[in-house]
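Reading the sequence shown from the start, the letters are residues 3 to 94 in this note's numbering.
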Amino acid sequence: MFKNPLFWYASMAVTAMGWFIFILGLLLGAGGAFKSLWIVLALIFLVIHPLEIPIGMKVGERAGLDKGISAFKTLAFGLTWWIPVKMGVIHD
């Protein structure tokens, strides 16, 4: 499963949907059960993903990718981007 690029691209699509929900919560206001989900997404996107940037840049550099692109993709997709690159499953 982890060696299948489709697994990782699907994981990145789920992360992109998370960004959509996060931004929707910013624009419309998060309330009720949606607020709990929004808080979790905010922690992931605003705390965890930025902390992963040094790892993602190092992985991207080893794969011959630009540091800026690696930082952006790590911020956007987190470990769903840099783990498959590190494993050689995807070559972004």
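Virtual Cβ for every residue (Gly too), placed ideally from N, Cα, C.
Check, Outcome
"Three-state secondary structure (DSSP) of Phe36", "helix"
"Proximal residues to Val61 (C-beta, below 6 Å), its chain only, five neighbours per side dropped", "Trp84, Val87, Lys88"
"Contact belief for Thr82 with Ser13 at Cβ below 8 Å, rounded distance in angstroms", "4 Å"
"Reduced DSSP category for Ile92 - H, G, I as helix; E, B as strand; rest coil", "coil"
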